[in-house]
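Asker:
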Amino acid sequence: MGLQCTKCQINNENELILANVVPEQKHNMQLEDLEDSFESDPNYPPSTAINKTMEEKSSQFSKLQKESQHTIPSEYNKLEELQMDDDSKFFGQTKDGQANGNGKLWLKNGDYYEGDFLNNLMHGKGIYNYKNGPIYEGQFLFNKPDGFGVESWPDGSVYEGLFKEGKKCGKGCYKWYQGCVYVGEWKNNKIHGTGRYDWPDGRSYSGSWACNQMHGRGKYIWQDGKCYDGEYQNDRKQGFGIFYWPDCKQYQGQWKDGKQHGKGLMIYPEGKKKVGIWQNGKLINYTEDDNFQIIPENWLQQ
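Following this note's numbering, the numbering of the sequence shown begins with 249 at its first residue and continues without gaps.
See the structure below:
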């Protein structure tokens, strides 16, 4: 079945990283440690490896040899039933003793394919139905999903997008049955590139991804109006970033492992500025400087 989204995997709300906690208003600089700014990890998409990969299963067919008790006519598109040496069965159009054209394949393990064939390979448009897994409907290229396709899981999760050599690759949309949605780029069955991830509770992340993790520059928005616009590394704030509060207060500065770490600037709604040094999310010391600037050159233009 499709993997559950992060929020739905956790039964105890206290186990959640404090992304959903609405903290008490804090105006004391010593308390500006952003304990409420941690993100819950995004959901990772299910892999076809859960029920064997499409490549593993479809490769069975390329190895099957036809068993015949009579001479096979060579006319193109003659309908025949072919008994394979692993007890899988094919029925459909043939040419020169091989599956060519449209046909159906019943595999011994219970999987079923219906669609186009070329020289005993699934090639063209087709539907592959795993006995205990997803249904793939789309384009095939030499026995592998390749091109546009839709992968539907028994739990209601659906991926709609591009495949390459049997794996999600390119632009696509994955909708988990719990309500999480990702729209963006994929590589080797993983969220990779640029995309947007939405949680059912109203949170969202838009930006760069690497191997299913927020990585690079991105913008994370909480349901209560808080927002982080900055750099990520392995799902955590890392590098430079700006954190915005709904009351127009903001923190500009350095982050490490999801926490304020290094030099930073607090700007208050009334315009007051305080420059400080943070360590592991805690303010160590600060000075007031209304002219201090910390945003890197061209940062806002990115």
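Cβ atoms here follow ideal geometry from the backbone N, Cα and C, with glycine treated the same way.
Predicted model, so just to flag it, every value in this text is computed and none were measured.
Using CA coordinates, which residue listed in 336, 329, 458, 540 is at the minimum distance from residue 440?
Answerer: 458
Asker: Applying the criterion that 16 or more other CB atoms from any shown protein chain within 10 Å of the CB defines a buried residue, is residue 394 buried or exposed?
Answerer: buried
Asker: What are the complete beta strand (DSSP E) segments, minimum 3 residues, inside the region 427-472?
Answerer: 429-435, 438-446, 452-458, 461-469
Asker: When DSSP labels each residue in this structure, what does residue 424 get in the three-state scheme?
Answerer: coil
Asker: By the three-class DSSP mapping on this structure, what secondary structure does residue 548 have?
Answerer: helix
Asker: Give me whichever residues DSSP pairs with residue 350 in a beta bridge.
Answerer: Bridge partners of residue 350: 364.
Asker: Can you tell me the Cα-Cα spacing of residue 345 and residue 368, whole angstroms?
Answerer: The straight-line gap from Cα to Cα measures roughly 9 Å.
Asker: What's the C-alpha gap between residue 542 and residue 419?
Answerer: Cα to Cα, residue 542 sits roughly 36 Å from residue 419.
Asker: Given this structure, state the Cα-to-Cα distance separating residue 568 from residue 528, to the nearest angstrom.
Answerer: The displayed coordinates of the chain run from 249 to 550. Any statement about residue 568 would go beyond what the structure contains.
Asker: Please return the same chain residues whose Cβ sits closer than 7 Å to the Cβ of residue 438, not counting the five positions on each side in sequence.
Answerer: 459, 460
Asker: Can you grab the Cα-Cα spacing for the pair residue 512 / residue 468, in whole Å?
Answerer: One C-alpha to the other measures close to 19 Å.
Asker: Less than 8 Å between the CB atoms is what I'm expecting for residue 416 and residue 434, so what's the real figure, rounded?
Answerer: 4 Å
Asker: For a quick check, are the C-beta atoms of residue 436 and residue 463 less than 8 Å apart?
Answerer: It is not a contact, given that the beta carbons lie outside the stated cut-off.
Asker: Given a cut-off of 8 Å, decide if residue 428 and residue 403 are closer than it, judged by their beta-carbon atoms.
Answerer: No, the pair does not count as a contact, with Cβ atoms beyond the cut-off.
Asker: Flag this pair as yes or no: are the beta carbons of residue 373 and residue 358 separated by less than 8 Å?
Answerer: Cβ atoms of residue 373 and residue 358: not closer than 8 Å.
Asker: So, for residue 533: in the same chain, excluding its five sequence neighbours on each side, which residues have a beta-carbon less than 8 Å away from its beta-carbon?
Answerer: Answer for residue 533: 524, 525, listed in chain order.
Asker: Pull up the distance between the alpha-carbon of residue 410 and that of residue 397, whole angstroms please.
Answerer: 6 Å
Asker: Pull up the distance between the alpha-carbon of residue 530 and that of residue 499, whole angstroms please.
Answerer: 13 Å
Asker: Give me the Cβ distance between residue 479 and residue 491, rounded to the nearest whole Å; I'm assuming they're in contact under 8 Å.
Answerer: With a Cβ gap of about 12 Å, residue 479 and residue 491 do not count as contacting.
Asker: Rounded to whole angstroms, what is the Cα-Cα separation between residue 514 and residue 431?
Answerer: 34 Å
Asker: Take residue 496 and list the residues in its own chain whose beta-carbon comes closer than 7 Å to its own, dropping the five residues that flank it on each side.
Answerer: 517
Asker: Less than 7 Å between C-beta atoms, sequence neighbours within five positions excluded: which residues of the same chain meet that for residue 493?
Answerer: 474
Asker: State the start and end residues of the unbroken beta strand (DSSP E) segment that holds residue 383.
Answerer: 383-389
Asker: What does DSSP give as the partner residue(s) for residue 411 in the beta ladder?
Answerer: 395, 416
Asker: With the cut-off set at 8 Å, would you say residue 348 and residue 365 are in Cβ contact?
Answerer: yes
Asker: Who are residue 404's beta bridge partners in DSSP?
Answerer: Paired residue(s): none; residue 404 is not in a bridge.
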